[in-house]
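*Asks:* As given, the protein sequences belong to chains A and B, one line each in that order.
Each residue of the first sequence is one higher than the one before, counting from 0 in numbering that gives the first Met the number 0.
Each residue of the second sequence is one higher than the one before, counting from 0 in numbering that gives the first Met the number 0.
By construction, the Cβ of each residue, glycine as well, lies at the ideal position given by its N, Cα and C atoms.
Computed from a prediction, not measured in an experiment: that's the story for all the values here.
What follows is a structure written as structure tokens; I'll ask about it next.
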Amino acid sequence: MAIFTRGFTGRSREADPDLPPGQYLADDFPVLSAGPTPKLDRADWTFSVQTETGGVKWTWDEFMELGAEDVHTDIHCVTRWSKLGTTWRGIPLDAVFDAVETEREFVMQYSYGGYTTNVPLEDLLDGKAWIAFEYEGELLAPEHGGPARLIVPHLYFWKSAKWIRGLVMQEQDEPGFWEQNGYHLYGDPWREQRYW
Amino acid sequence: MTGGWLVGTVVETRTETPSGRSLVIDVPGWTGNIAGQHVDVRLTAPDGYQATRSYSLASADDSTRVQLAVDRLPDGEVSPYLVDGVEIGDQLELRGPLGGWFVWRPTETRPVQLIAGGSGVVPLVAMLRARAVAGTTAPMRLLYSVRTPGDRFFADELETLDGIDYAYTRQVPDGFARPPGRVTPEDLARLTIPASENPAVFVCGPTGFVETVARALVDLGHDPLQVKTERFGGA
Numbered sequence: 000m001a002i003f004t005r006g007f008t009g010r011s012r013e014a015d016p017d018l019p020p021g022q023y024l025a026d027d028f029p030v031l032s033a034g035p036t037p038k039l040d041r042a043d044w045t046f047s048v049q050t051e052t053g054g055v056k057w058t059w060d061e062f063m064e065l066g067a068e069d070v071h072t073d074i075h076c077v078t079r080w081s082k083l084g085t086t087w088r089g090i091p092l093d094a095v096f097d098a099v100e101t102e103r104e105f106v107m108q109y110s111y112g113g114y115t116t117n118v119p120l121e122d123l124l125d126g127k128a129w130i131a132f133e134y135e136g137e138l139l140a141p142e143h144g145g146p147a148r149l150i151v152p153h154l155y156f157w158k159s160a161k162w163i164r165g166l167v168m169q170e171q172d173e174p175g176f177w178e179q180n181g182y183h184l185y186g187d188p189w190r191e192q193r194y195w
Numbered sequence: 000m001t002g003g004w005l006v007g008t009v010v011e012t013r014t015e016t017p018s019g020r021s022l023v024i025d026v027p028g029w030t031g032n033i034a035g036q037h038v039d040v041r042l043t044a045p046d047g048y049q050a051t052r053s054y055s056l057a058s059a060d061d062s063t064r065v066q067l068a069v070d071r072l073p074d075g076e077v078s079p080y081l082v083d084g085v086e087i088g089d090q091l092e093l094r095g096p097l098g099g100w101f102v103w104r105p106t107e108t109r110p111v112q113l114i115a116g117g118s119g120v121v122p123l124v125a126m127l128r129a130r131a132v133a134g135t136t137a138p139m140r141l142l143y144s145v146r147t148p149g150d151r152f153f154a155d156e157l158e159t160l161d162g163i164d165y166a167y168t169r170q171v172p173d174g175f176a177r178p179p180g181r182v183t184p185e186d187l188a189r190l191t192i193p194a195s196e197n198p199a200v201f202v203c204g205p206t207g208f209v210e211t212v213a214r215a216l217v218d219l220g221h222d223p224l225q226v227k228t229e230r231f232g233g234a
């Protein structure tokens, strides 16, 4: 595009190779949610995976026995902020799917409060996704998805469902909440897959 | 379907508050938007450096002119330029409209309660305008929380409308009954459409404000699925 904006100089000229196109570095941790933050207690929390043959369900304590690990990762929100080098602690989805039998290749994430977002199963495996319950050494705050949220940080962050309640295995990749409301079915930040 | 980048030209600017300004931008090719939607704005420096941010639209009509209203963030890269730097005739790029959830369509007939904190009023003003243009009779009220009377965006326009209540957090006008302070559950019970009337509720503002208000609304009996929120800033 040949236009430029008179008088705008911007700030940083150092292109950060870890910053996807069209993103800027955020100092704070913005909150984006479509509705009220649900009130959730670990004592009432369960997590399930539903498959074509049934499924598996865990209480909080059972789920913790799957084994948590620390995660250092960058996160990228479609509203254009990114945070680099964030630290989380969570259960890898690999451990979850070790306990699940399914032939289906697509996943719908379901949240307490009704949010949904879709993701291919392969994007959740091989060390790419976690059910996180700590952020920067603290319990995950409710407005950021506590007690637990899914994180799949190589996709735009709306793909990382807050207040995660369970996964439903699907034969096809169906659109979730934001995917029905204007946002991309897959959401790769490096390819700027923001909108339809 | 979101198209590509469109070149817009600033045709009008207006100082709204000590820290905020509204801009009218003529965008040939803009095909209109629904009230509540936002737009990506891209600025390009002479050396090619680009910065992009999302802003809510205050306008919701069929023209090629869109209106933004921007609050200056102290450490911002883009907002200080839009508030203090940009002049009539300057060019920037826009992409949108974006978002299909935090929207109000004039065909909807349910009562609507809008609740704004600070510059969060912008997409809600678009809803008030869309209702006025459509001439619908759907009840629509706004509760607007803002620091002082001088910090109100679109103050003159809002004065002409019915159904607007203010909650000032720092300083109130002479004779204003409610003392300064943050919005409380009691304020919401007194100044907003009750849950029993099953209103559609839109809450927009800083994260802390929206968290507090949305939680209180649920406690007052509103169905969480009928409370749509948009937050800005960290927590």
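1) Please confirm if Ala50/B has its CB atom under 7 Å from at least one CB of chain A.
2) Return the chain-ordered ranges of every beta strand (DSSP E) run that is complete within the stretch 77-142 of chain B and spans a minimum of 3 residues.
3) Residues of chain A with CB under 9 Å from Gln90/B, in chain order?
4) Hey, quick one: how far does the beta strand (DSSP E) through Trp87/A stretch, first residue to last?
5) How about Lys127/A and Gly144/A: are their beta carbons less than 7 Å apart?
6) Would Trp189/A and Tyr134/A be called neighbours here (beta carbons separated by less than 7 Å)?
7) Flag Trp103/B as yes if its beta-carbon sits less than 7 Å from any beta-carbon of chain A, otherwise no.
8) What does the alpha-carbon distance come out to for the pair Thr115/A and Lys56/A?
9) Where does the unbroken beta strand (DSSP E) through Glu11/B begin, and where does it stop?
10) Answer yes or no: do Gly116/B and Ser144/B have a C-beta to C-beta separation smaller than 7 Å?
11) Which residue marks the beginning of the beta strand (DSSP E) containing Gly28/B, and which one marks its end?
12) Cβ closer than 9 Å: which chain B residues qualify as neighbours of Arg204/A?
13) Does any C-beta atom of chain B lie closer than 7 Å to the C-beta of Asp122/A?
14) Does the stretch 10-26 of chain B come close enough to the stretch 65-83 of chain B that 3 or more CB-CB pairs lie under 8 Å?
15) For Gly144/A, name the three-state secondary structure that DSSP assigns.
16) Report all residues from its chain with a CB closer than 8 Å to the CB of Trp195/A; omit the five preceding and five following residues, and keep chain order.
17) Measuring alpha carbon to alpha carbon, tell me which residue in Glu229/B, Ala166/B, Val82/B is nearest Phe175/B.
18) Determine the contact status of Val10/B and Val85/B, defining contact as a CB-CB distance below 7 Å.
19) Return the chain-ordered list of same chain residues with a C-beta closer than 6 Å to the C-beta of Pro79/B, the five sequence neighbours on each side being excluded.
20) Got a sec? Which residues, its chain only, sit under 6 Å from Pro37/A by beta carbon, not counting five neighbours each side?
21) Do Leu5/B and Thr12/B have their C-beta atoms within less than 7 Å of each other?
22) So within the stretch 131-188 of chain A, which uninterrupted alpha helix (DSSP H) runs reach at least 4 residues, ignoring any that extend past its ends?
23) Using DSSP with H/G/I as helix, E/B as strand and the rest coil, what is Thr51/B?
24) Please list, in chain order, the chain B residues whose beta carbon lies closer than 7 Å to that of Leu31/A.
25) Tell me the rounded alpha-carbon separation between Glu100/A and Thr191/B.
26) Look up Lys227/B in the DSSP assignment and give the residues it is bridged to.
27) Can you have a look at Asn197/B and say buried or exposed, based on whether 16 or more other CB atoms are within 10 angstroms of its CB?
28) Is it true that the CB of Gly119/B sits closer than 7 Å to the CB of Cys203/B?
29) If the criterion is Cβ atoms closer than 7 Å, does the pair Val111/B and Ala199/B meet it?
30) Given a cut-off of 7 Å, decide if Asp61/B and Gly28/B are closer than it, judged by their beta-carbon atoms.
31) Run through chain B and tell me which residues come within less than 7 Å of Thr78/A, C-beta to C-beta.
32) Would you tell me roughly how many angstroms separate the C-alpha atoms of Leu123/B and Asp97/A, rounded to the nearest one?
33) Quick check: what's the CA-CA separation for Pro96/B versus Met63/A?
34) Pull the bridge partners of Tyr165/B from the DSSP assignment, please.
35) Under 7 Å between the Cβ atoms of Thr168/B and Arg181/B?
*Replies:* A quick look at the data gives this:
1) yes
2) 90-97, 111-116
3) Ile2, Phe3, Thr4, Arg5
4) 80-91
5) no
6) no
7) no
8) 18 Å
9) 5-16
10) yes
11) No beta strand (DSSP E) contains Gly28/B, which DSSP labels as neither H nor E.
12) Any answer about residue 204/A is impossible in this case: the structure gives chain A only from 0 up to 195.
13) no
14) yes
15) coil
16) Gly181, Tyr182, His183
17) Ala166/B
18) no
19) Arg71
20) Tyr111, Gly112, Trp162
21) no
22) 176-179
23) strand
24) Arg230
25) 50 Å
26) Phe201/B
27) exposed
28) yes
29) yes
30) no
31) Ser53
32) 47 Å
33) 43 Å
34) Tyr143/B
35) yes
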